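First up is the structure itself, then whatever we jot down about it.
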DNA sequence: AACTGATACGGAGGAGCCTCCGCTTTCTCC
DNA sequence: GGAGAAAGCGGAGGCTCCTCCGTATCAGTT
């Protein structure tokens with residue numbers, strides 16, 4: 001059990017970060033977050049050793065909505081199309097994170113996300129699509145969800161930077177084509 | 185025509201950066217590069233407004249070797265296999281850039297490369313593969329080289345982080361599968 | 001309620017990034 | 001070859017990052 005002041009400070013930080021991220025439309029200074037929470041910068045770093053940790057903690061709760069929408073899509077549409085539609089939502093979700101897109105991108109790029117709780121949940125969602133698609137015969141059965149997530153993240157990482165969506169769209173289509181079963 | 189001292193300083197900087205990047209195996213401080221070149225930090229920034237600009241300038245010459253190897257592969261193997269083999273070389277090339285991998289990754293991630301001379305040359309090389317593959321019937325004809333490069337960069341961006349190559353390998357295979365002609 | 005070890009706090013400080021602008025060097029034209 | 005303008009120089013300074021460690025606070029124990 002953590003000490004009571006420690007726990008309180010953690011919550012203050014999380015609240016301050018959430019607000020700060022929402023308000024800002026560019027990189028937020030961590031010192032500013034600490035000040036806003038009324039704690040020292042040292043405390044911030046003790047709780048969230050890297051900027052990424054803080055960002056992940058802030059957005060983990062939001063993730064649920066995204067995952068839920070995936071399940072809904074899967075129930076309503078053929079698995080391959082559902083997956084493609086969900087990819088679009090994922091893209092939008094990431095791009096909606098003004099004020100921390102850059103960090104999110106860095107997380108993706110550095111692979112930080114690849115060892116996080118976020119990644120496990122996302123891969124799980126993709127696995128559902130893949131399993132359904134394999135059963136329906138519209139998606140390959142020999143692909144790992146983690147690889148697909150990796151690819152997806154990679155494409156967003158690069159394509160998300162440009163204001164031109166069409167290129168990202170095309171590369172996502174390309175990815176999906178790679179996921180379709182190949183004729184013998 | 186630039187002033188003579190300006191030109192000399194530019195060359196000093198380039199030389200210093202090349203050495204520094206080669207020696208270091210982690211992020212190189214720009215102040216260190218400037219000091220090594222014997223110029224002020226201001227001069228460095230005037231010549232290379234961003235770290236990316238400096239990195240690109242240093243590695244542009246090396247790029248030729250990579251492109252040449254692409255042409256050779258294309259002459260020796262079927263286009264689709266040649267492309268896949270070239271992808272592997274590209275990956276290795278990037279990963280060999282210890283001391284600046286992180287920057288290269290950031291360049292890719294931010295899209296800086298996507299508007300650079302590097303990108304034009306790389307896309308050109310890929311276009312050659314695609315054209316040959318389309319003629320041979322082993323690659324789709326309706327894909328843009330820039331999109332393929334984007335995808336490739338995206339995958340490396342994410343997959344390159346982990347020491348485990350197999351995942352990157354699989355995602356590259358996936359990309360190639362997406363590039364194969366689809367049965368009607 | 002006082003004691004005390006464990007735990008957590010917080011900010012000073014070292015380092016790098018990048019900008020800005022007063023000063024210096026180079027060039028050009030007479 | 002000298003004067004003036006244009007171009008370039010360079011480092012101080014403002015900012016953020018992140019670490020480190022002396023100080024303060026908490027929570028069991030007596």
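Protein chains in written order, with my numbering: chain A, 1 to 184; chain B, 185 to 368.
Yeah, the Cβ is synthetic: ideal placement off N, Cα and C, and Gly gets one too.
All values derive from a computational prediction rather than experimental measurement.
Next on the checklist: Counting C-beta neighbours from all protein chains within 10 Å, is the total for residue 354 of chain B 16 or more, i.e. buried, or is it exposed?
Outcome noted: Answer is buried; the Cβ neighbour count reaches 16.
Checklist entry - Does the distance from the C-beta atom of residue 360 of chain B to that of residue 273 of chain B stay below 7 angstroms? => result With contacts defined by Cβ atoms closer than 7 angstroms, residue 360 of chain B and residue 273 of chain B do not form a contacting pair.
Next on the checklist: Could you tell me the alpha carbon to alpha carbon distance between residue 70 of chain A and residue 364 of chain B, rounded to whole angstroms?
Outcome noted: Those two C-alpha atoms are separated by around 28 angstroms.
Checklist entry - What does a CB cutoff of less than 6 angstroms around residue 108 of chain A pick up in its chain, not counting 5 residues either side in sequence? => result Taking C-beta separations shorter than 6 angstroms and ignoring five residues to either side along the sequence, the partners of residue 108 of chain A in its chain run 153, 157, following chain order.
Checklist entry - Between residue 297 of chain B and residue 198 of chain B, what straight-line distance do the alpha-carbon atoms span, to the nearest angstrom? => result Each residue's alpha carbon lies about 19 angstroms from the other.
Checklist entry - Under 7 angstroms, do residue 94 of chain A and residue 104 of chain A count as touching if we go by C-beta distance? => result Yes.
Checklist entry - residue 302 of chain B: buried (16+ other C-beta within 10 angstroms of its C-beta) or exposed? => result Here residue 302 of chain B is buried. Its C-beta has 16 or more other C-beta atoms within 10 Å.
Checklist entry - When the Cα of residue 290 of chain B is compared with those of B/322, B/235, B/317, which residue comes out closest? => result Selected option, being the one with the closest Cα: B/235.
Item to check | chain B residues whose Cβ lies nearer than 7 angstroms to that of residue 151 of chain A | outcome: Taking a Cβ-Cβ threshold of 7 angstroms, the residues of chain B close to residue 151 of chain A are 339, 355, 358, in chain order.
Next on the checklist: For residue 183 of chain A, would you say it is in contact with chain B, using Cβ-to-Cβ distances shorter than 7 angstroms as the test?
Outcome noted: Taking Cβ atoms only, chain B reaches closer than 7 angstroms to residue 183 of chain A, which makes this a yes.
Checklist entry - How would you list, in chain order, the residues of chain A whose beta-carbon sits under 7 angstroms from the beta-carbon of residue 292 of chain B? => result Per Cβ cutoff of 7 angstroms: 158.
Checklist entry - Where does residue 292 of chain B fall in DSSP's three states? => result Helix.
Next on the checklist: Quick check on the burial criterion: 16 or more other C-beta atoms within 10 angstroms. Buried or exposed for residue 266 of chain B?
Outcome noted: It is buried - the Cβ of residue 266 of chain B has at least 16 other Cβ atoms within 10 Å.
Item to check | Residues within the stretch 305 to 328 of chain B neighbouring chain A, beta-carbon criterion of under 8 angstroms | outcome: Residues passing the 8 angstroms Cβ filter: 327, 328.
Item to check | residue 317 of chain B - containing alpha helix (DSSP H), residue span | outcome: Note, residue 317 of chain B: alpha helix (DSSP H), 301 to 320.
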